[in-house]
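First to last, the protein sequences are chains Z and W.
If you use my numbering, the first sequence corresponds to residues 1 to 317, in order.
If you use my numbering, the second sequence corresponds to residues 318 to 660, in order.
Beta carbons: idealized from backbone N, C-alpha and C, even for Gly.
Computed from a prediction, not measured in an experiment: that's the story for all the values here.
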Amino acid sequence: MSGPAHPAEPGGGDRGGILDREGALAKLLIAPAVIYIAAMIGAPFVLAILYSLSDATTGDPGLRLVGVQNFQAALSDPVFRLALRNTFVFTLVSQSIVIVLSRVLANALLKPFRGKWLVRFLIMLPWTAPISLGTIGWLWMFDSIFSPIDWVLRYLGMLGTASALFGANTNMYWLGVPGLAMASVILVNVWRILPLATVIQLGGLSSIPKDLIEAAEVDGATPWRRTLMITIPLTLPIVSIAFLFGVVFTFTDLVVVYVLTRGGPVHMTQVLSSWTFFKGIEAGDLAQGAAISLFMFPVLAVAAIFILRMARRTEVV
Amino acid sequence: MGRVEIRSVSKLFGEVRAVDHVDLATDEGEFLVLLGPSGCGKTTLLRMIAGIETPTSGDLVIDGRVVTDMPPRMRNIAMVFQSYALYPHMTVYKNIAFPLRARGIDEGTVRKKVEWAAGMFKIGRLLDRKPRELSGGERQRVALARAMVREPSVFLLDEPLSNLDALLRTSAREELRQFQRRVGVTTIYVTHDQVEAMGLGDRIAVMSQGKVRQIGTPLDIYQWPADTFVATFVGSPPMNLIEQEDVLLGFRPETFRPSDAVEGSEGMVTFPFEVTYLEYLGAERLVYGNVGEKSHARHIVSRLPGSLTLPLESGKTYPFAVARRDLRRFHRKSGLAFSGETA
Chain Z
1 MSGPAHPAEP GGGDRGGILD REGALAKLLI APAVIYIAAM IGAPFVLAIL
51 YSLSDATTGD PGLRLVGVQN FQAALSDPVF RLALRNTFVF TLVSQSIVIV
101 LSRVLANALL KPFRGKWLVR FLIMLPWTAP ISLGTIGWLW MFDSIFSPID
151 WVLRYLGMLG TASALFGANT NMYWLGVPGL AMASVILVNV WRILPLATVI
201 QLGGLSSIPK DLIEAAEVDG ATPWRRTLMI TIPLTLPIVS IAFLFGVVFT
251 FTDLVVVYVL TRGGPVHMTQ VLSSWTFFKG IEAGDLAQGA AISLFMFPVL
301 AVAAIFILRM ARRTEVV
Chain W
318 MGRVEIRSVS KLFGEVRAVD HVDLATDEGE FLVLLGPSGC GKTTLLRMIA
368 GIETPTSGDL VIDGRVVTDM PPRMRNIAMV FQSYALYPHM TVYKNIAFPL
418 RARGIDEGTV RKKVEWAAGM FKIGRLLDRK PRELSGGERQ RVALARAMVR
468 EPSVFLLDEP LSNLDALLRT SAREELRQFQ RRVGVTTIYV THDQVEAMGL
518 GDRIAVMSQG KVRQIGTPLD IYQWPADTFV ATFVGSPPMN LIEQEDVLLG
568 FRPETFRPSD AVEGSEGMVT FPFEVTYLEY LGAERLVYGN VGEKSHARHI
618 VSRLPGSLTL PLESGKTYPF AVARRDLRRF HRKSGLAFSG ETA
């Protein structure tokens, strides 16, 4: 027999290696992801539930179950209730600002202009820098004595004189006054999440076919009507995803609060994640820390469900 | 109502002249086709009429009103896009109602007009569906209904049939033509498909490299091409061109027949035709070859009806003839037809 060699015929003796057996190959390829999720997410989650039902401390991490008394203790603690409220304020206010600003930025970045790449680069920068380093930079910006923001305000005559807009003090004490401290924490978080949200929004906006906008234009829609009837509905699924991602990031974030205020002044910027850390690690009460952290779970679970739903909707449209 | 005038309009994209000093005017109720290869500027010209692009120079006049700097919504034109551009998040009803609602028309009138337009295109039963639940043909009808619903003075169509399969395209073409006749709205239709252009147009404007090469009835364009571009772009297979001194001699493949099959030789010009290969296509037979003289393209083609069973073999030379009245002459340098030879 001459001529080209035949490929192995189906049902012939040659079964092929693992690469030819799709079932086995699929299991092999998905295994790393399953192992990773089980080890890095599943196990700690189960551990957190067990700890929350025990009286474990960092000095004595043995598991003696005590029922739900850790949850009862958390709920009766006024600091916990304040942290819970602060977490929602911190998350919802900062994410609402992020959604509006990221839409504005994304719209601007869609238009061609000189130096666009530089602007894009600068906007992406906060996302690429380590959070803790960026936040330490902000810590200096908000310094109680040497704050450059205060310096600018003084220079503009808005601070430090009797008739000044922000009062006669020489400094604002950004991180020392309750309302300002929360505003500062929110500002830094907005600064940090904005790049991601902008990129997601940019993706959403540029995925709208140009034809649709032009068709609406020819159909007689004013720019305002085009935004309201075409752009916003079409980007809604992806904007929701940006929003929910931001919510998850912010809800679980420890770094911004920890670096800037440590939850202060007097717990006014305390959030669930920071309070978990202070209680569970610094104060050593593992069981209490675990219980507090588990209060985040329902919110995150709901956010996750919505993200998955939205993701499916964007696939369909 | 519905007269479009294009006055010396040009459009530059950077250094590229997409549209180059085009002058064109439609008659009222006319079906004008802009025909040309891709990149010839026909779509850009249509988009300028719609107001989506602004001309670099020149003026656009619709019904005696200069609209060059007006936004699309003030021009009372409607456009069907190649992609149909249906709003994916709206039902068919809302899609068709969109241009009416954008004009602030009351809901009662909107409902009546949407139902009228849907009835006209036989899509009444689809009104509650989303575009993704429709077939290609249904989408095209929705796009047409959306364009027609507000009774525009000019109707612009950008290759609206190119996304349909071949069978549907033929019937959609026929429907479109009948519909346009019935409504009588001035229509400008862009296509690269010469069959569509010939079948649909009252007149055809053939474009190439941003310029209008010829404007005329399908018959004029086919029989009396203004230059060698039109001669070779329109017609499939294209017009044969052979060089004779300073002249290019052109003739359509179907006018080039074996001398044996032609009765009498009066008024006939005969060439020795060396056959290189043959294609049998059922209804017709295409015979490729050369005539000794330098041919402009690679081959000379003869198109014979399938009923003509005269035996022909490749490699052999046969006497072929073309009637003198079917010969067209073009300047060799400029490619333009000799004056007095276009209709």
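Neighbour-count burial assignment, residue i, 16 or more Cβ in a 10 Å radius
| i | result |
| --- | --- |
| residue 251 (chain Z) | buried |
| residue 318 (chain Z) | No information on residue 318 (chain Z) is available, as it lies outside the stretch 1 to 317 that chain Z covers here. |
| residue 298 (chain Z) | exposed |
| residue 116 (chain Z) | exposed |
| residue 165 (chain Z) | exposed |
| residue 323 (chain W) | buried |
| residue 42 (chain Z) | exposed |
| residue 513 (chain W) | buried |
| residue 347 (chain W) | buried |
| residue 387 (chain W) | exposed |
| residue 321 (chain W) | buried |
| residue 391 (chain W) | exposed |
| residue 207 (chain Z) | exposed |
| residue 226 (chain Z) | buried |
| residue 259 (chain W) | Lying outside 318 to 660, the shown extent of chain W, residue 259 (chain W) is not represented and no answer is given. |
| residue 169 (chain Z) | exposed |
| residue 661 (chain W) | One cannot answer for residue 661 (chain W) here, as it falls past the ends of chain W, which runs 318 to 660. |
| residue 328 (chain Z) | This structure cannot settle anything about residue 328 (chain Z), because the visible part of chain Z is limited to 1 through 317. |
| residue 69 (chain Z) | exposed |
| residue 508 (chain W) | buried |
| residue 415 (chain W) | buried |
| residue 495 (chain W) | exposed |
| residue 22 (chain Z) | exposed |
| residue 163 (chain Z) | exposed |
| residue 11 (chain Z) | Any reading at residue 11 (chain Z) must be qualified, since the residue scores a pLDDT of 47, below 50, and its modelled position is unreliable; the value itself is stated next. So residue 11 (chain Z) counts as exposed. |
C-alpha gap between residue i and residue j, whole angstroms
| i | j | result |
| --- | --- | --- |
| residue 632 (chain W) | residue 463 (chain W) | 58 Å |
| residue 563 (chain W) | residue 114 (chain Z) | 53 Å |
| residue 138 (chain Z) | residue 260 (chain Z) | 8 Å |
| residue 502 (chain W) | residue 569 (chain W) | 34 Å |
| residue 245 (chain Z) | residue 363 (chain W) | 43 Å |
| residue 395 (chain W) | residue 551 (chain W) | 28 Å |
| residue 292 (chain Z) | residue 302 (chain Z) | 18 Å |
| residue 549 (chain W) | residue 431 (chain W) | 44 Å |
| residue 634 (chain W) | residue 645 (chain W) | 24 Å |
| residue 319 (chain W) | residue 471 (chain W) | 5 Å |
| residue 553 (chain W) | residue 202 (chain Z) | 46 Å |
| residue 429 (chain W) | residue 398 (chain W) | 25 Å |
| residue 641 (chain W) | residue 218 (chain Z) | 51 Å |
| residue 374 (chain W) | residue 326 (chain W) | 6 Å |
| residue 266 (chain Z) | residue 38 (chain Z) | 38 Å |
| residue 475 (chain W) | residue 335 (chain W) | 16 Å |
| residue 54 (chain Z) | residue 48 (chain Z) | 10 Å |
| residue 566 (chain W) | residue 329 (chain W) | 35 Å |
| residue 8 (chain Z) | residue 20 (chain Z) | The pLDDT assigned to residue 8 (chain Z) is 46, lower than 50, so where the model puts this residue is not dependable; a value taken from the coordinates is nonetheless given after this. Straight-line Cα distance between these residues: approximately 11 Å. |
| residue 86 (chain Z) | residue 29 (chain Z) | 43 Å |
| residue 184 (chain Z) | residue 134 (chain Z) | 14 Å |
CB-CB length for residue i against residue j, believed under 8 Å
| i | j | result |
| --- | --- | --- |
| residue 270 (chain Z) | residue 82 (chain Z) | 6 Å |
| residue 220 (chain Z) | residue 419 (chain W) | 4 Å |
| residue 556 (chain W) | residue 575 (chain W) | Not confirmed; about 19 Å, so no contact. |
| residue 511 (chain W) | residue 357 (chain W) | Not confirmed; about 13 Å, so no contact. |
| residue 339 (chain W) | residue 506 (chain W) | Contact doesn't hold; Cβ gap of about 16 Å is too wide. |
Closer than 8 Å, Cβ to any Cβ of chain W: which residues of the segment 189 to 215 of chain Z, in chain order?
Here the close residues are 209, 211, 212, 214, 215.
The segment 217 to 228 of chain Z: which residues have C-beta closer than 8 Å to a C-beta of chain W, in chain order?
For the segment 217 to 228 of chain Z, which is checked against every Cβ of chain W, the residues closer than 8 Å are 217, 218, 219, 220, 221, 222, 225.
Tell me which residues of the segment 100 to 125 of chain Z have at least one Cβ-Cβ distance to chain W shorter than 9 Å, keeping chain order.
Of all residues in the segment 100 to 125 of chain Z, none has a Cβ within less than 9 Å of some Cβ in chain W.
Stretch pair the segment 174 to 183 of chain Z + the segment 142 to 149 of chain Z: three plus CB contacts closer than 8 Å:
Contact holds: three or more Cβ-Cβ distances are below 8 Å.
Using 8 Å as the cut-off, can you tell me whether the segment 94 to 104 of chain Z makes contact with the segment 179 to 199 of chain Z, which would need three or more C-beta pairs spanning the two stretches below that distance?
Under the Cβ criterion (8 Å, minimum of three pairs), the segment 94 to 104 of chain Z counts as touching the segment 179 to 199 of chain Z.
Within the chosen definition, does the segment 410 to 419 of chain W reach the segment 461 to 476 of chain W through at least 3 CB pairs nearer than 8 Å?
Pairwise C-beta distances place the segment 410 to 419 of chain W in contact with the segment 461 to 476 of chain W, as three or more of them are shorter than 8 Å.
Give a yes or no on contact between the segment 402 to 412 of chain W and the segment 485 to 496 of chain W, applying the rule of three or more CB pairs nearer than 8 Å.
Between the segment 402 to 412 of chain W and the segment 485 to 496 of chain W there are fewer than three inter-stretch CB-CB distances shorter than 8 Å, so the stretches are not counted as touching.
Chain-ordered residues of the segment 473 to 486 of chain W with a beta carbon less than 9 Å from chain Z
Of all residues in the segment 473 to 486 of chain W, 473 have a Cβ within less than 9 Å of some Cβ in chain Z.
Note down, in chain order, all residues in the segment 233 to 245 of chain Z with a beta-carbon under 8 Å from any beta-carbon belonging to chain W.
With the criterion set as a beta carbon lying under 8 Å from some beta carbon of chain W, the members of the segment 233 to 245 of chain Z are 233, 234, in sequence order.
Quick check: the segment 445 to 464 of chain W against the segment 369 to 388 of chain W, are there 3 or more CB pairs under 8 Å?
In this structure the segment 445 to 464 of chain W does not touch the segment 369 to 388 of chain W; the number of beta carbon pairs closer than 8 Å is below three.
Would you call the segment 575 to 591 of chain W and the segment 518 to 531 of chain W in contact, with 3 or more CB pairs under 8 Å?
When Cβ pairs closer than 8 Å are counted between the two stretches, the segment 575 to 591 of chain W is seen not to touch the segment 518 to 531 of chain W, the count staying below three.
If the cut-off is 9 Å on Cβ atoms, which residues from the segment 322 to 346 of chain W count as contacting chain Z, listed in chain order?
Within the segment 322 to 346 of chain W, not one residue has a Cβ closer than 9 Å to any Cβ of chain Z.
If you measure beta-carbon to beta-carbon, which residues of the segment 402 to 423 of chain W are closer than 7 Å to chain Z?
Taking 7 Å as the Cβ-Cβ cut-off against chain Z, the residues of the segment 402 to 423 of chain W that qualify are 402, 404, 405, 406, 415, 416, 419, 420.
Between the segment 625 to 637 of chain W and chain Z, which residues of the former have CB atoms less than 7 Å from a CB of the latter, in chain order?
From the segment 625 to 637 of chain W, no residue has a Cβ closer than 7 Å to chain Z.
What are the residues in the segment 387 to 398 of chain W lying within 8 Å of chain Z by C-beta distance?
Under the 8 Å Cβ criterion, the segment 387 to 398 of chain W contributes 388, 389, 390, 394, 395, 396, 398.
Closer than 9 Å, Cβ to Cβ, to anything on chain Z: give me those residues from the segment 349 to 383 of chain W, in chain order.
Flagged, chain order: 364, 367, 368, 369.
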